[in-house]
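For reference, the structure discussed in these notes is given below.
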Amino acid sequence: MKQNWIQTIKSRLSKGALALPNEYAIYNGIIIPVLHAVGWHPEDTEEVVPQYSTGEGRVDFALRKVDVHTGKRVSFTFIEVKHLGKADEEAEKQLLRYAFQEGVPLLVLTDGQQWRFYHPLSAGPSKERMIEEIDLLSDSEEKCLTILQKYLGQNRYLSLRDFHSFIAQEYHARFQRAHLRRIWKALLSGEDKALLELLREKLSAGLNISSEELPLDKLQHWLSEELKQVSPSQSTLSFSLSMPTQRGVFVKGIFHPAKKLKEIGRILCEQLAALNEEFPEKFYNSKFSKGAKRLYIAPDPEKVFPDSFKEKNPKWKKYLIEFSDQKGRRWWLMTHFSQKMAEEVFKQLVASTGLPWGNPEGVKIVF
């Protein structure tokens, strides 16, 4: 994503109501440039639908794509735009009402400067459903670019099911971070004596001294002093989840859960196709595209297995996964493999795109 557009937007925002006197000015001066920058085509009114009608009213924009599984165009995200400074609690409640009818995974409330991202299908008050918030005027360009691409990047909008899982995962991660901060705050403030007692027991055992030699007030003071020595980036207690225990695949830092190897193969191919326009044709034309008797990927399902295999397995098509590349061409992935073989095939698929293998920021499979 090019960064010069965000500098232009910051300049407009700095002028306030002079440059952005109403919602239509925010549409054209902020929202449309942002959507263009993250890969959308606002001129395509089937893809970016203005004034989209819901059972509760009209939302300013609906981001709608054709789901790769159903072949139907569905709503992934609603964006509601307000006057500068008017993206308040009442606007949050209004947006949540809009989402109720269609069950969209993601809501965005913005006045052009403040951008708030919500998981509407979670429980609790509207503010507790917020998973991220940025300020295009005061936050760093790097943070703004990262968050906008993360939630609005057009290449993420392939499968509604996967998008639901991604947003739910982001919500739960935020919830856990908030809970960790509450525990830490209670520990430092002395509000939770049980936590301090537990910490004192652990420390006294590790130092081989009696707990009486570590008075709670001194322990609390020591914790506060230690926190002052921590760098600002660390003191925010940024919290990342440990490696998921369920099966799935990391692609570019995002974990996609999957119960079966076949599902991992589908997610992997869809994500690689969205990220790299040369995939899967590049892999298909490489020496790694075939085994002794079968193709791993092919543009024609009839060519994947030899006739002898199809004769013995009349339901051979159940071993194929269909997906599309960026040009809309259909491809089929063979999934008749063991876990060991699957790992080798997946590794070669990833290699054809240049992404690092075994790294969550590239591709990492959790079997």
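Counting from 311, one number per residue, gives the positions in the sequence shown under our numbering.
All C-beta atoms in this analysis are idealised placements derived from N, C-alpha and C, irrespective of residue type, glycine included.
Note that the structure is predicted; figures quoted are calculated from it, not measured.
- Rounded to the nearest whole angstrom, the CA to CA distance from Leu323 to Arg439 is 27 Å.
- Between the beta-carbon of Asp635 and that of Trp641 there is about 6 Å, and that keeps the pair under the 8 Å contact cut.
- Under a 10 Å Cβ-count criterion, Ser363 is classified as exposed, with fewer than 16 other Cβ atoms of the shown protein chains found around its own Cβ.
- In this structure, Ile319 sits near Ile340, with a CB-CB distance shorter than 7 Å.
- In chain order, Ile342, Leu345, His346, Val358 place their CB closer than 7 Å to the CB of Pro352, counting only its own chain and leaving out the 5 sequence neighbours on each side.
- Cβ neighbours of Phe473 within its own chain (closer than 8 Å, five residues either side excluded): Phe386, Pro415, Leu416, Arg466, Tyr467.
- By the Cβ neighbour-count rule, Arg426 is buried, with 16 or more other Cβ atoms within 10 Å of its own.
- In the structure shown, Asp445 falls within a strand segment according to DSSP collapsed to helix, strand and coil.
- Sequence-distant Cβ neighbours of Asp445 in its own chain, meaning closer than 7 Å and more than five residues away, are Gln423, Gln424.
- With a cutoff of 7 Å on beta-carbon distance, Leu630 and Pro616 are scored as not near each other.
- Close CB contacts of Leu605 within its chain, under the 7 Å cut and outside five residues either way in sequence, are with Ser599, Lys613, Val614, Met644 (chain order).
- Residue pairing from DSSP places Met440 in a beta bridge opposite Tyr428.
- As summarised for the segment 382-429, the continuous beta strand (DSSP E) elements at least 3 residues long and confined to that stretch are 383-391, 416-420, 424-428, given in chain order.
- CA-CA distance, Asn332 to His393, rounds to 6 Å.
- Judged by beta-carbon spacing, Val369 lies within the 7 Å limit of Glu390, meaning their Cβ atoms are closer than that value.
- Assignment of beta strand (DSSP E) within the segment 604-669, counting only whole runs of 3 or more residues, yields 630-634, 640-644 in chain order.
- Sequence-distant Cβ neighbours of Ser475 in its own chain, meaning closer than 7 Å and more than five residues away, are His566, Pro567.
- A Cβ-Cβ contact shorter than 7 Å links Phe388 with Ala372.
- Under the criterion of beta carbons closer than 8 Å, Pro670 and Gly575 do not qualify as touching, at roughly 18 Å.
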